[in-house]
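Residues 43 to 280 (this note's numbering) make up the sequence shown, in order.
Let me begin by presenting the structure, written as structure tokens, before commenting on it.
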Amino acid sequence: MAKKKVMLFIVEGPTDETSLSTVLNRIFSSSTVKFQVVHGDVLTRDFTSSDKIVAAVWDQVKAFMGEIYRKSDICRIVHLTDVDGVFVPDDAVVEDNAMAAGAPPLYTETQIQTPNRVGILDRNKRKRKNVDRLSACPRIAGIPYSMYYFSLNLDHVLHGKTNISAWEKVQCAEEFDLKYGDDPDGFSLFMRGSSFSVCDDYRSSWAFIKTGLHSLERHSNFGIELPPVEIKEDETTE
């Protein structure tokens, strides 16, 4: 029996893997689903510029491969990223002097509140360029590549929650895995048929999230990657 190829998911944090690993292994059972956890955002790490971002993603793939895998073992790279509101107009980034210096941004569906407006504006500009580069990149090192967004972050889309603590992230991820780990059809329906789903096609889904305040709102285009499931009359999505 031929060895299964690896479908590699690049994610920002360990709770992303907790939430998605079980169900994605069931959905993409013809491949071996693996995760490379960045423990941060490769799109903004080390002030990486758009001319170097493809190489930075490839570095993550190579870190996953190590001494175990070869490039030929990987059939597809799927990159899941938080949008972080980076496409909003500059006037939606509001400096709040009441916040502690160094505090992380506070996100609403209309504003990014921060003690360091200049820093967030710079981050948004850099990440927009990197998103533009990667969302238009069909292959990395010859391997098919796609990038999908999970609104402000994965918690925002999967749980409808923002600005939650690390402990809450773990709890929500474990609950989500219990709910959908053995229900791949239910997960596909959730991601493809919910009010947050932006699944017409890949290019238009990226055009959508770059418009107005959409990058602060609850949206995801990941359903495009998932197989369609017939909706029965008694089934509803969020």
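Yeah, the Cβ is synthetic: ideal placement off N, Cα and C, and Gly gets one too.
Local conformation of residue i per DSSP, three classes
i: residue 74; result: strand
i: residue 199; result: helix
i: residue 278; result: Low per-residue confidence applies at residue 278: pLDDT is 49, beneath 50, and the placement is therefore not dependable, though the value from the model is reported in the following sentence. Here residue 278 sits in coil by DSSP.
i: residue 116; result: strand
i: residue 92; result: coil
i: residue 266; result: helix
i: residue 99; result: helix
i: residue 131; result: coil
i: residue 228; result: helix
i: residue 107; result: helix
i: residue 261; result: coil
i: residue 176; result: helix
i: residue 205; result: coil
i: residue 249; result: helix
i: residue 171; result: helix
i: residue 45; result: coil
Closest Cα partner of residue i within the set the options
i: residue 168; options: 211, 263 and 93; result: 93
i: residue 83; options: 268, 72 and 125; result: 125
i: residue 25; options: 163, 114 and 52; result: Residue numbering for the chain in the displayed model covers 43 to 280; residue 25 lies beyond these limits and cannot be assessed.
i: residue 222; options: 64, 52 and 48; result: 64
i: residue 77; options: 88, 154 and 62; result: 62
i: residue 219; options: 52, 157 and 200; result: 200
i: residue 248; options: 192, 203 and 102; result: 192
i: residue 190; options: 120, 139 and 238; result: 120
i: residue 110; options: 144, 48 and 73; result: 48
i: residue 202; options: 262, 56, 53 and 106; result: 262
i: residue 177; options: 194, 123 and 73; result: 123
i: residue 137; options: 160, 234, 258 and 46; result: 160
i: residue 6; options: 210, 89, 112 and 264; result: Because the chain is modelled from 43 through 280, residue 6 falls outside the range shown and cannot be assessed.
i: residue 216; options: 58, 80, 259 and 185; result: 58
i: residue 183; options: 129, 152, 115 and 156; result: 115
i: residue 106; options: 198, 128, 79 and 88; result: 79
i: residue 258; options: 148, 113 and 87; result: 148
i: residue 256; options: 155, 194 and 72; result: 194
i: residue 141; options: 158, 54, 99 and 113; result: 158
Sheet register partners of residue i (DSSP bridge)
i: residue 159; result: DSSP output for residue 159 lists no bridge partner at all.
i: residue 181; result: 186
i: residue 122; result: 190
i: residue 244; result: Answer by DSSP bridge pairing: none, since residue 244 is not bridged.
i: residue 148; result: 155
i: residue 237; result: Residue 237 is not bridged to any residue.
i: residue 79; result: 53
Range covered by the alpha helix (DSSP H) that runs through residue i
i: residue 62; result: 56–69
Opening and closing residue of the beta strand (DSSP E) in which residue i lies
i: residue 52; result: 48–53
i: residue 216; result: Element bounds for residue 216: not the beta strand (DSSP E) but the alpha helix (DSSP H), 208–222.
i: residue 136; result: 135–137
beta-carbon residue i near the ligand ADP non-hydrogen atom, thresh 8 Å
i: residue 141; result: For the ligand ADP, the structure offers nothing, since it holds no ligand at all.
**Report entry** At least 3 beta-carbon pairs within less than 8 Å: the stretch 257–272 vs the stretch 225–240
**Finding:** Three or more Cβ pairs drawn from the stretch 257–272 and the stretch 225–240 lie within less than 8 Å of each other, which places the two stretches in contact.
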